[in-house]
Amino acid sequence: MDMFVMGLCFTCIGLAVTALAFAAATRQAAAPPAAQPELPAVQAAPAQFFGDVAQPAVPLAMQVPVQLLLERIENHVRLEQAVAESFVAYPTHDLLHSKTTSPLIN
Amino acid sequence: MEFELLRGLTAREAEQVLALSVRMTIPSGGSLFRLGDPAERLYLIERGRIRLSFPLLLRGQHEDVVLEEKTPGETVGWSAMVPPYRFTLSATAPLETEVIALHREALSAFFAAVPEIGCRVSFNLAVLVGQRLQLVQTMWMREMQRTVELHSAHLAAVQ
Chain A
66 MDMFVMGLCF TCIGLAVTAL AFAAATRQAA APPAAQPELP AVQAAPAQFF GDVAQPAVPL
126 AMQVPVQLLL ERIENHVRLE QAVAESFVAY PTHDLLHSKT TSPLIN
Chain B
694 MEFELLRGLT AREAEQVLAL SVRMTIPSGG SLFRLGDPAE RLYLIERGRI RLSFPLLLRG
754 QHEDVVLEEK TPGETVGWSA MVPPYRFTLS ATAPLETEVI ALHREALSAF FAAVPEIGCR
814 VSFNLAVLVG QRLQLVQTMW MREMQRTVEL HSAHLAAVQ
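Going down the list, the protein sequences come from chains A and B. Numbers 66 to 171, taken from my numbering, label the letters of the first sequence in order. Numbers 694 to 852, taken from my numbering, label the letters of the second sequence in order.
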């Protein structure tokens, strides 16, 4: 009889511990997920062959010949001067912040 | 030929000023002055053209960028009349060009002797300098606006 009562007690204790563990586990799972900090978007690298990896990226400005770059700069200066002359003749906020067609700033 | 610097003077007065000058011919592609040179003469363009340029650092090398092109009747080199008397731009002739050079000291002495003419010429000079200041100030404000916009866009991209 004593052995039976002892076995019953152990069984009850085991069940209680299991029930508590189960309750704790299910309460955690039911809780809403904590807000995750937003990670900056990572741009996928373009597919490359192994041979391409060693080649440094050349900025676009470096690919333009100096003479062409100079022409663009001088054209930019002319456009800016024209806008500045218009502004000086008739100063307005809109004219001051107006855009030109200069490829240097577009 | 009407020179902007001599506007408002009678023909006789203009002749008096021009009598102080020296004519110079700059060959095609020649230089009238370089940035940083001492500025002792100002120049009235009689024939041809003068290009004013500034150096821009492109890929580690200084390249001259044309800022303005002056035509007959216009004035270049007014730094000769404004301390510290140094040219802040470079001037070259894209084709054979003739200029009338007026030395600062000769002009100053003449203006002291004939203040009516000195006053008129100084007023014309003030108009030229003022117009340049207004243009450059406007271009600077536009450039400043673009710098702020670029900086804001950069900050937004980082955040």
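The C-beta atom is built at its ideal place from N, Cα and C for all residues, glycine as well. Keep in mind that this is a model prediction, so the values were computed, not measured.
- In this chain, the alpha helix (DSSP H) harbouring Ile138/A covers 131-154.
- Look at Ala732/B here: in three-state DSSP terms it is coil, with no helix or strand label.
- A contact between stretches requires three or more CB pairs, one per stretch, nearer than 8 Å, and the stretch 794-801 of chain B fails this requirement with the stretch 142-151 of chain A.
- For the 9 Å CB-CB criterion, Leu135/A and Glu761/B do not form a contact.
- The continuous beta strand (DSSP E) containing Pro748/B extends over residues 743-751.
- A direct Cα-Cα distance of roughly 29 Å separates Thr165/A from Thr768/B.
- By alpha-carbon distance to Ala773/B, the top candidate from Arg727/B, Pro748/B, Ala805/B is Arg727/B.
- A residue is called buried when at least 16 other Cβ atoms come within 10 angstroms of its Cβ; Tyr155/A does not meet this threshold and is exposed.
- Assignment of alpha helix (DSSP H) within the stretch 797-841 of chain B, counting only whole runs of 4 or more residues, yields 797-806 in chain order.
- Of the other Cβ atoms in all chains shown, 16 or more fall within 10 Å of the Cβ of Thr790/B; this residue is therefore buried.
- For Leu698/B against Leu818/B, the beta-carbon gap comes to about 7 Å, under 8 Å, which counts as contact.
- Among the residues of the stretch 126-152 of chain A, those with a Cβ less than 8 Å away from any Cβ of chain B are Met127, Val131, Leu134, Leu135, Ile138, Glu139, Val142, Glu145, Gln146, Val148, Ala149, Glu150, Phe152, in the order of the chain.
- Counting C-beta pairs with one atom in each stretch, the stretch 801-812 of chain B and the stretch 732-748 of chain B have fewer than three that are closer than 8 Å, which means they do not touch.
- Between Trp771/B and Leu702/B, the C-beta gap is not smaller than 9 Å, which leaves the two residues out of contact.
- Nearest Cα to Thr157/A within the set Glu695/B, Thr831/B, Val758/B, Arg734/B: Thr831/B.
- The beta carbon of Met774/B sits no closer than 9 Å to any beta carbon of chain A.
- Between Gly722/B and Thr785/B a beta carbon distance of about 7 Å is seen, short of the 8 Å cut, so the two are scored as contacting.
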